[in-house]
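The structure appears right after this line, and notes come after that.
Structure, rendered in structure tokens:
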């Protein structure tokens, strides 16, 4: 910025550089205007340093690895195409394929419930217990609050499904459950992207371990999601495209 005693050129610094002297000049005269210019220049320098640290070689390597890891997690959505036969797509949309659908969903549900009750909730409760500063009573309150959030999430999606479902019987299967499942899957992939990116910022080893762990968790998840989409009336090609579209959530998270 011409006339600025500092070399930075960040957008926030330029905006503050234009507005601060005017405002402080009206309030405090020339001295206020000079203080405004100095404050804008300091902010400009800090912004330039922050962008420089984000675009450093080490951080850029972590960014690339996290994006690749998130894409791998997102591309796991096509894994069900390898394990579900071609003729199964039409069978799952009929009542005759209900038994096959129950098998696929039971496999996915077992993996997800195991992840929730054996990993996520114990980890969250252990963290709240170690982070509690007010003793055992406050720790118990925080754990109860976590349980209430779990129940709130369950009833939120139950309410969404009941809100959009039509009470009339239709010959064609409703696709509402499929779209709700896609919404949940996109949010899930977004959190996976956050986890992968944070892990690669720590080290490549932790990032790779986290990516592999999420991939193992996603395999039963994606099989269940694919079966739900087929049951909702989507064909195999449309279901695969929609599954791949949820990978964008992971990329945004990373």
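Numbering (mature numbering (1 follows the signal peptide of the UniProt record, and there is no 0)), first residue to last: -32 to -1, 1 to 222.
Backbone N, C-alpha and C fix where the C-beta goes; we use that ideal spot for every residue, glycine too.
Beta-carbon proximity check, residue i vs residue j, cutoff 8 Å
i, j, result
"residue 75", "residue 188", "yes"
"residue 93", "residue 77", "no"
"residue 148", "residue 126", "no"
"residue 218", "residue 38", "yes"
"residue 202", "residue 109", "no"
"residue 222", "residue 164", "yes"
"residue 81", "residue 195", "no"
"residue 121", "residue 200", "no"
"residue 177", "residue 30", "no"
CA nearest to the CA of residue i, picked from the options
i, options, result
"residue 48", "218, 68, 215 and 192", "192"
"residue 181", "87, 131 and 28", "87"
"residue 33", "162, 202 and 204", "162"
"residue 90", "80, 111 and 70", "111"
"residue 83", "170, 205 and 186", "186"
"residue 157", "45, 204 and 167", "45"
"residue 190", "70, 166, 43 and 118", "43"
"residue 208", "175, 35, 50 and 36", "50"
"residue 184", "205, 79 and 96", "79"
"residue 36", "119, 96, 172 and 116", "172"
"residue 27", "123, 166, 130 and 71", "166"
Anticipated Cβ contact below 8 Å, residue i with residue j, distance rounded
i, j, result
"residue 41", "residue 159", "That belief does not hold up - the Cβ atoms of residue 41 and residue 159 are roughly 11 Å apart, past 8 Å."
"residue 210", "residue 198", "So it is not a contact: roughly 11 Å between Cβ atoms."
Any C-beta of chain B under 8 Å from that of residue i
i, result
"residue 186", "In summary, chain B is missing from the structure at hand, where a single protein chain is found."
Does the region 206 to 217 touch the region 151 to 161, meaning 3 or more C-beta pairs lie closer than 8 Å? Note that the region 151 to 161 touches the region 206 to 217; at least 3 beta-carbon pairs, one per stretch, sit closer than 8 Å.
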